[in-house]
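Asks:
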Amino acid sequence: MTRLEKETNVEDFDDFGTRLRASASRLNAALSVRYPGLDPVKLPLLSRTKRLLLREPVSPHLSEGLLRLIIFGSPFASSERLPGQARLPLQPAAEVVSPYLLMRFNNIINKATARRLLNCYVEMEALGLKTSHAEAHWSTTSALHAGVWSLYQKMPYVTRDTRSQPSAVTEVLARMLGIIAKEVAPKLVKLLKEHCPEQWARLQRAYDRVKTIMWEVYGEKPWLDFEGAFFTVAVKQGSSKILHLDWNDDKCGGITWVIPVGRWEGGEFCSPQLKACIPVAQGQALGVQARRLVHCGAPAKGTRVVFMLFADHTLLKQAEQ
Ligand SMILES: [Fe+2]
1 MTRLEKETNV EDFDDFGTRL RASASRLNAA LSVRYPGLDP VKLPLLSRTK RLLLREPVSP
61 HLSEGLLRLI IFGSPFASSE RLPGQARLPL QPAAEVVSPY LLMRFNNIIN KATARRLLNC
121 YVEMEALGLK TSHAEAHWST TSALHAGVWS LYQKMPYVTR DTRSQPSAVT EVLARMLGII
181 AKEVAPKLVK LLKEHCPEQW ARLQRAYDRV KTIMWEVYGE KPWLDFEGAF FTVAVKQGSS
241 KILHLDWNDD KCGGITWVIP VGRWEGGEFC SPQLKACIPV AQGQALGVQA RRLVHCGAPA
301 KGTRVVFMLF ADHTLLKQAE Q
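For the sequence shown, the UniProt record's numbering begins at 1 and goes up steadily by one.
This is the structure in structure tokens:
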């Protein structure tokens, strides 16, 4: 694979991460075998400006599964041996409904919107913004997790970071999420409908359920309503420098939208499975399958506040039951 531009197939996509249980040590063990000595930030840089649609050519699960079925009589290996390691338990692969592993679009937010979003975040920090969701090992900075999710619960609920802020912060948070709800979500809805219709249908089923359960919350706080394009907004400064998977994201084609604002250099999205680093500038939106693509951010110099918009896997799964 030399140039990944416009609509391009990602050949030889190695989907090992999907089948790992959520564990940083297992992921690191698998990475050290697959990509020994790799410095992900040195991977080739893709175009800064072109629209990118990186497609998964055929279901790797299916081809791998069929092969194993023929050879071993079982569609998937239940474990994989790594040199010098205990057997690594693997989960069955999931059925993936989004055709694209990664998408990048231009002109999603204009300069004025970017400035307002950045100002809101800076203002919240000055007012004593609190973050409660423990950040994993891959990042030195913690993120705010605002909106709705279903993590560890049977029902969707408003995240603690949304509920437990000082009142001055809550006011700005409502303003910030309102900007996202009115100016960003409708554009992402359009993109999802056009490029990932099956994932959009899943999101709509989850949205219908959330609306039914949380009609009162949505009535009182319309700034939490993102039309089902996503339900949670994570925000942080800088980038996550260590290779990881976003374990709370959906492995069946869930798209996490990454929208950075500010003035900075670096901060590219790097993924060994794509063999590439993808620049994301202010104004652009990057949509990635963050539970399937092992990734990290290149170091960023300057001010970079990044918004990550997603639906957690529990919320989506509950809507299918
Ligand atoms: Fe991530």
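For every residue, glycine included, the Cβ atom is placed at its ideal position computed from N, Cα and C.
Quantities reported herein were computed from a predicted structural model and do not represent experimental measurements.
#1: Give every residue of the same chain whose Cβ lies closer than 7 Å to the Cβ of Ala206, excluding the five residues on either side of it in the sequence, and list them in chain order.
#2: Quick one: what does DSSP say Ala86 is sitting in, helix, strand or coil?
#3: Is the region 212 to 222 close to the region 278 to 286, with three or more CB pairs under 8 Å?
#4: I need the DSSP call for Ala206, collapsed to helix, strand or coil.
#5: Please classify Leu69: does DSSP put it in a helix, a strand, or coil?
#6: Assuming Thr232 contacts Val148 (C-beta within less than 8 Å), just tell me the rounded distance between them.
#7: With H, G and I counted as helix, E and B as strand and the rest as coil, what does DSSP make of Arg304?
#8: Can you tell which of Ala290, Arg104, Leu191 and Thr8 has its C-alpha closest to the C-alpha of Arg48?
#9: So, does the region 253 to 265 touch the region 159 to 169, judging by three or more C-beta pairs under 8 Å?
#10: What beta strand (DSSP E) runs, 3 residues minimum, are completely inside the region 230 to 270?
#11: Grab me the residues of Lys182's own chain with a C-beta within less than 6 Å of its C-beta, minus the 5 sequence neighbours each way, in chain order.
#12: How big is the Cα-Cα spacing for Asn28 and Leu309?
#13: For Leu66, is the classification buried or exposed, using 16 other Cβ atoms within 10 angstroms of its Cβ as the cut-off for buried?
#14: If you drop the 5 nearest sequence neighbours on each side, which residues of the same chain put their C-beta closer than 7 Å to that of Leu151?
#15: Measuring only the C-alpha atoms, how far is Leu144 from Ala298?
#16: In the DSSP output, which residue or residues are listed as bridge partners for Ala285?
#17: At the level of alpha carbons, what is the spacing between Lys154 and Leu173?
#18: Kindly identify the DSSP beta-bridge partner or partners of Tyr100.
Replies: Short version:
#1: The sequence position of residue 206 within the sequence shown is 206, counting from 1. Gly228, Ala311, Leu315, Leu316 and Ala319, listed in sequence order.
#2: Along the sequence shown, one-based indexing puts residue 86 at 86. Because Ala86 sits at a pLDDT of 46, beneath the cut-off of 50, its placement in the model cannot be relied upon, and the point is left open.
#3: no
#4: The residue given as residue 206 occupies position 206 in the sequence shown. In the structure shown, Ala206 sits in a helix (DSSP, three-state: H, G or I).
#5: Position 69 of the sequence shown, counting from 1, holds the residue named residue 69. At Leu69, the pLDDT of 36 sits below 50, so the modelled position is not reliable and the matter cannot be decided from this model.
#6: Here the question's residue 232 lines up with position 232 in the sequence shown. Here the question's residue 148 lines up with position 148 in the sequence shown. Thr232 to Val148, Cβ: 7 Å. Contact.
#7: Locating residue 304 in the sequence shown gives position 304, counting from the first residue. Strand, per DSSP.
#8: As a first step, residue 48 is located in the sequence shown; it is residue number 48 there, counting from the start. Closest option to Arg48, Cα to Cα, is Arg104.
#9: no
#10: 232 to 237 and 256 to 266
#11: Reading the sequence shown from its first residue, position 182 is the one you call residue 182. So no residue of the chain qualifies.
#12: Start at 1 with the first residue of the sequence shown, and residue 28 comes out as number 28. Start at 1 with the first residue of the sequence shown, and residue 309 comes out as number 309. Cα to Cα, Asn28 sits roughly 26 Å from Leu309.
#13: Along the sequence shown, read from residue 1 onward, the residue named residue 66 stands at position 66. With a pLDDT of 40 at Leu66, under the threshold of 50, the modelled position of that residue is not reliable, and the figure given next carries that caveat. Under this definition Leu66 is an exposed residue.
#14: Taking the sequence shown and counting its residues from 1, one reaches residue 151 at position 151. Closer than 7 Å at Cβ, skipping near neighbours: Asn248, Asp312 and Thr314.
#15: Residue 144 sits at position 144 when you count from the first residue of the sequence shown. Residue 298 sits at position 298 when you count from the first residue of the sequence shown. About 20 Å.
#16: Within the sequence shown, numbered from 1, the residue matching residue 285 stands at position 285. Paired residue(s): Phe105.
#17: As a working note, residue 154 is residue 154 in the sequence shown. As a working note, residue 173 is residue 173 in the sequence shown. Straight-line Cα distance between these residues: approximately 26 Å.
#18: Within the sequence shown, numbered from 1, the residue matching residue 100 stands at position 100. According to DSSP, which records beta bridges pairwise, Tyr100 is partnered with Arg55.
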